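Participant: Sharing a structure here in structure tokens format.
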Amino acid sequence: MSQTNEDYFTKMVISIIFYTIVAVAVVAGIMWLASIVGGTKYVAGGVKVSDAIQKEAVTIRIQALETISLVGDKKADAATPAAETKAEPVMLDGETIVKNSCLACHGTGVLNAPLIGKVEAWQPRLDANGGIDGLVSSAVAGKGAMPAKGGNPNLTAENLKAAIEFMMK
Ligand code: HEC
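According to this note's numbering, the sequence shown is numbered sequentially starting from 2.
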């Protein structure tokens with residue numbers, strides 16, 4: 002190998018190292034900027050999470066510790082509020098309730114049930130009951146061939162109202 006070839010080779014190696022460093026610096030810079038702009042941090046495992054989520058995760062971990070009670074600990078007898086789960090009543094929408102509980106009759110008109118969406122079948126009943134609340138009471142109690150609450154005792158008056166409003170449209 003001649004002298005010039007060696008020079009050339011050395012220059013190549015130096016420039017490759019140089020550009021590699023520049024490329025790494027640029028990528029690191031972009032990641033750093035992105036973390037500032039996006040308000041994100043790199044945490045263990047490389048998972049990116051926002052500050053808010055990290056704070057919440059910490060709170061949850063602290064709460065978990067608070068609910069731990071050792072044998073003989075007075076806390077064990079006391080109610081543990083963090084572990085308490087309050088069942089929220091599920092608010093079903095009219096369409097779902099109708100599909101589950103009313104469609105069998107009101108979808109077919111069996112036993113002369115007023116049909117879903119047939120305004121002229123519903124309007125006289127609406128008038129006769131003095132409005133939607135009257136129809137709700139009627140549905141709660143049951144009428145003629147229709148069992149109370151359309152046969153689903155789990156439904157509330159609110160559920161029935163949503164269902165009736167859906168069927169009258
Ligand atoms: C077993 C069949 C059946 C099911 C299930 C049923 N209905 Fe009915 N429904 C009827 C029939 C039949 C009538 C007509 C009763 C009549 O006028 O004698 C009726 C009438 C009604 C009326 C009008 C009452 C009035 O005073 O005119 C409402 C409101 C009503 N249904 C709501 C519902 C709702 C809401 C559901 C579902 C949660 C439901 N129904 C499920 C058969 C059913």
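From the three backbone atoms N, C-alpha and C, an ideal C-beta is built for every residue, glycine too.
Since the model is a prediction, treat every value here as computed from it, not as a measurement.
Based on the DSSP output, what are the partners of M147 in its beta bridges?
Facilitator: Note: M147 sits in a beta bridge opposite K144.
Participant: With DSSP run on the structure shown, which of helix, strand or coil describes N160?
Facilitator: Helix at N160.
Participant: Looking at ligand 1, does it come within less than 7 Å of G145, judged from the CB to the closest heavy atom?
Facilitator: yes
Participant: Evaluate K56 with the Cβ neighbour count: other Cβ atoms within 10 Å of its Cβ, from every protein chain shown; 16 or more gives buried, anything less gives exposed.
Facilitator: exposed
Participant: Going by the CB atoms, is the gap between L161 and A140 shorter than 8 Å?
Facilitator: Closer than 8 Å, so yes.
Participant: Where does M92 fall in DSSP's three states?
Facilitator: coil
Participant: Answer yes or no: do I98 and A163 have a C-beta to C-beta separation smaller than 8 Å?
Facilitator: yes
Participant: Measuring CA to CA, which of F10, P148, C103 is closest to M168?
Facilitator: C103
Participant: Between S138, L112, M13, which lies nearest to E159 when the distance is taken from Cα to Cα?
Facilitator: The residue with the shortest Cα to Cα distance from E159 is S138.
Participant: Compute the minimum distance between the beta carbon of I117 and the heavy atoms of ligand 1, and state whether it is under 7 Å.
Facilitator: no
Participant: Going by DSSP, what residue range makes up the alpha helix (DSSP H) through V120?
Facilitator: 120 to 129
Participant: Can you name the start and end residues of the alpha helix (DSSP H) that A105 belongs to?
Facilitator: 104 to 107
Participant: Check whether the Cβ of K100 sits closer than 7 Å to any heavy atom of ligand 1, and report yes or no.
Facilitator: no
Participant: Is it buried or exposed for K150, if we count other Cβ within 10 angstroms and need 16 for buried?
Facilitator: buried
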